[in-house]
Amino acid sequence: MTTDPNELIVGYGEADGLTKREYFAALAMQGLLASERVGEPGSVRHPGNVADLAVDQADELIASLNSPYKGNKADG
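Residue numbers (the numbering used here): 1 to 76.
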């Protein structure tokens with residue numbers, strides 16, 4: 001099974017939802033904003049950079065989900 005970044009997160013009824021990429025980016029952004037002091041000029045977490053970093057994290061997650069598992073085979 002692969003993760004299509006443009007596949008919608010299915011909600012209730014006929015309403016269109018977020019794509020998986022948008023959803024993952026929103027979760028990443030939430031974590032970034034909750035865990036760091038945002039707003040310091042030059043910071044990776046400066047407001048001008050937070051959205052780009054969140055999208056980058058979402059793209060990395062999707063890429064990882066679509067690649068073969070590389071974990072320790074002894075784990076399971």
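Where a beta carbon is used, it is the ideal one built from N, C-alpha and C, also for glycine.
Selection from the options that minimises the alpha carbon distance to residue i
i     : options                       : result
Gly31 : Ala54, Glu22, Gly17 and Lys20 : Ala54
Val50 : Ser64, Ile62 and Ser35        : Ser35
Close beta carbons around residue i, own chain, < 7 Å, minus the five adjacent residues each side
i     : result
Ala58 : Arg21, Phe24, Ala25 and Ala28
Thr3  : Lys20, Ile62, Leu65 and Asn66
Those residues which DSSP pairs with residue i across a bridge
i    : result
Thr2 : Its beta-bridge partners do not exist; DSSP assigns none.
Leu8 : Thr19
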